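Structure first, commentary second.
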Amino acid sequence: MALTLSRKKRISSPWGGFFFVLPSIIAVAVFVYGMIGWTLKFSLSNRTNAWSKDNSFAGLKNFTGLLEDPEFTHAFGNLMKFTVVFMFGTLLSGLIMSLLLEKGIRGEGFFRSIYLYPMAISFIAMGTSWRWLMDSARDDKGTGLNHLFHMAHLNFLQNDWYSSEKASMYAMALPAIWQMSGYVMALFLAGFRGIPDDLREAARVDGATEFKIYRHILFPQLKPTFLTVLIILGHISMKVFDLIYGIATKSYVTKVLAIYMWQVIFDFQNYAKGSAIAMVILVIIAVVVIPYLIYVNKTEEMK
Amino acid sequence: MSSDLVDRVTQSKDISRNKKKLDGVGQFWLVFRYIALTILFVIAALPIYIMVVNSVKGITGVTQSAAFLPPSHLNFGAWGPTWKVLREPMQRTLFFVLQSSIISAIVGSINGFVFAKWKFKGSTFIFTLFLFGMFIPYQAIMIPLTQFNHWAGIGGTIYVLVVAHVIYGIPICTLIFRNYYAAIPNELIEAARVDGAGMVRIFRTIILPLSIPGFVVVLIWQFTSAWNDFLFAIFLTGGSPKLAVATTALNFITGSGNQVYYGNNMTASLIVSIPTLLVYMFLGRYFLRGLLSGSLKG
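Chain order of the listed sequences is S and W.
Following the working numbering, the numbering of the first sequence begins with 1 at its first residue and continues without gaps.
Following the working numbering, the numbering of the second sequence begins with 1001 at its first residue and continues without gaps.
Here it is as structure tokens:
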């Protein structure tokens, strides 16, 4: 009797849960945190070419070196341009999609699934289409969008897209917006439909216009959704890699940090510098995501 | 409460209400909405449309200026040769993706159960530490991971990708299952505990039988993300043709030197996309659930 009792107690003790997830805890500790630490160590070392096994401590040399590296600042600038256009564009188009659908409309399911399918396809595959659509040839030689504009006598709209010197990153943001808008739409739809109908009805009875209802009643309720969307888009943008690689590979004009890091590691075999670039991406993301996770954690605990 | 989220998104509001006689302004807005939705539809569908119409024009049948137009007759000439190149990489992809998805789902369901229903001291904190793993740029672990693979003796085999997708899939799979299990009433578990059932038994006899939709969500999530993954594939296999998977093989076909063979490239891209598109077409609802669960809030 005593034996069974103690057995029961052991199994139903809350620590059982800990042992259940222990393998995952170890995996995350080693493969996420341990390996980030290892990369940090690389980034502070002298291992700057394929032959060197020199893991000696180099201080912040690799990081200060990045600031003086015009390719790095170029890639960083590109990434910032891309991020601004991508985040703003995706937020806007996703929001528009959800506003068009949120009240319910015949054929909603059809539109929704078409808007969301880009999330299911790899960017290496979609890159083929987008590369063709955004081909820089013009007029009679034009293909893709330039051809379309030429046929429609909208020649002034023709441009160099992702091959252009100044606007390459803005063009590169188009396929990214195309891919992520449906996701943002879904998040906003979930937000809109989580707001009780009574709120709108009450405002309507009070004589508020539709515009005012959105401005003063619905949008304030969607603040958490906005925050989630910004975090998701922001961290995806910082990491952007296959989208750009699939369309323009390592082209200079569209180089971002992840592409440059890949080049530094594989083409130049400079582990120290590649690790330093990776750490820069990580820190930018961490600065935004850690406070967000703490906030989510707190609201969780209040539940 | 992820299940509720999906219902929220997919529940169309009572459309019958729209049927009531619309006044002039109401009709205008309805027409406006349809026009806007159709424009967005055209933009969203354009890239896949181009892929499909140009894949049935044969290898040389794609003329630059007519690429927007459907073919005058169907020509599957580009499919045979492209499939010949892609068959082996796609089989290899299927092989590793199935393994990694199944393992991920099992691990995720165990973790999700504990973090939702069998919390221990500090479990919320540990869960938050897990979640951070969802956001990290994989560049920041790639070099040590390559070294680990060598050390573990799996370097140069397809198992590098199984390991990568299982381990770095832990955060998202745990999150999806945790959100899924959070909707199960605590009373169910309390009742079983009073009857003397332990953790393992509760998990096996109460939680698992309720988990099938959760498994579907995680399986197709992991399937889609591993199938479409390029970063791990290119880093960990080093682009070796012996280990080519769907995306790396496709990148090899459509890569810089071959950009002019549009018929070929579009066909190859379409073939590689078919498995995930099929999953999306038939299980779109579960795909959506994964996306929404992966967004933390809700």
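Note that the Cβ used here is the ideal one computed from N, Cα and C, for glycine as well.
Values in this document were obtained by computation on a predicted structure and should not be read as measured data.
{"Check": "Stretch pair the stretch 123-139 of chain S + the stretch 1269-1278 of chain W: three plus CB contacts closer than 8 Å", "Outcome": "yes"}
{"Check": "With 16 other Cβ atoms within 10 Å as the buried cut-off, status of residue 337/S", "Outcome": "Residue 337/S cannot be examined here, being either before or after the span of chain S that is shown, 1 to 303."}
{"Check": "Alpha helix (DSSP H) segments (min. 4 residues) lying fully within the stretch 1223-1266 of chain W", "Outcome": "1231-1237, 1246-1254"}
{"Check": "Close beta carbons around residue 250/S, own chain, < 7 Å, minus the five adjacent residues each side", "Outcome": "259, 263"}
{"Check": "In DSSP terms, what residue 1057/W is bridged to", "Outcome": "1075/W"}
{"Check": "Pair within 7 Å by beta-carbon distance, residue 75/S and residue 257/S", "Outcome": "yes"}
{"Check": "Residue from 119/S, 194/S, 158/S, 79/S with nearest C-alpha to residue 180/S", "Outcome": "119/S"}
{"Check": "Assigned exposure category for residue 91/S - 16 Cβ within 10 Å defines buried", "Outcome": "buried"}
{"Check": "Residue 1286/W versus residue 187/S - alpha carbon distance", "Outcome": "15 Å"}
{"Check": "Any chain S beta carbon closer than 7 Å to residue 1081/W", "Outcome": "no"}
{"Check": "Partner residues on chain W for residue 69/S, Cβ-Cβ distance less than 7 Å", "Outcome": "Under the 7 Å cutoff, chain W gives no residues; its nearest Cβ is about 17 Å from residue 69/S."}
{"Check": "Three-way DSSP call (helix, strand, coil) for residue 1028/W in this model", "Outcome": "helix"}
{"Check": "Host alpha helix (DSSP H) of residue 1139/W (start-end)", "Outcome": "1139-1151"}
{"Check": "Coil, strand or helix - residue 219/S by DSSP", "Outcome": "helix"}
{"Check": "Stretch-stretch touch, CB-based, cutoff 8 Å, three pairs: the stretch 190-206 of chain S with the stretch 1027-1040 of chain W", "Outcome": "no"}
{"Check": "Residue 1033/W vs residue 193/S beta-carbon contact at 7 Å", "Outcome": "no"}
{"Check": "Cα-Cα separation, residue 297/S to residue 151/S", "Outcome": "55 Å"}
{"Check": "Residues that residue 1087/W contacts on chain S, provided the C-beta gap is smaller than 9 Å", "Outcome": "Under the 9 Å cutoff, chain S gives no residues; its nearest Cβ is about 16 Å from residue 1087/W."}
{"Check": "Unbroken alpha helix (DSSP H) run spanning residue 148/S, endpoints", "Outcome": "144-151"}
{"Check": "Where the alpha helix (DSSP H) through residue 1201/W begins and ends", "Outcome": "1199-1202"}
{"Check": "CB contact below 7 Å: residue 1050/W versus chain S", "Outcome": "yes"}
{"Check": "Contacting residues, own chain, Cβ-Cβ under 7 Å from residue 98/S (five flanking each side not counted)", "Outcome": "185, 188, 189, 192"}
{"Check": "Candidates 1081/W, 1189/W, 1209/W, of which the one nearest residue 1119/W by Cα", "Outcome": "1189/W"}
{"Check": "Integer Cβ distance of residue 1170/W from residue 1235/W, believed to fall under 8 Å", "Outcome": "Not a contact, Cβ separation roughly 19 Å."}
{"Check": "Inter-residue Cα distance where the pair is residue 304/S and residue 1057/W", "Outcome": "Coverage of chain S is limited to positions 1 through 303, which leaves residue 304/S absent and any answer about it impossible."}
{"Check": "Segment limits, alpha helix (DSSP H) that includes residue 24/S", "Outcome": "15-28"}
{"Check": "Cβ neighbours of residue 1166/W in the same chain (closer than 8 Å, five flanking residues each side left out)", "Outcome": "1100, 1103, 1104, 1107"}
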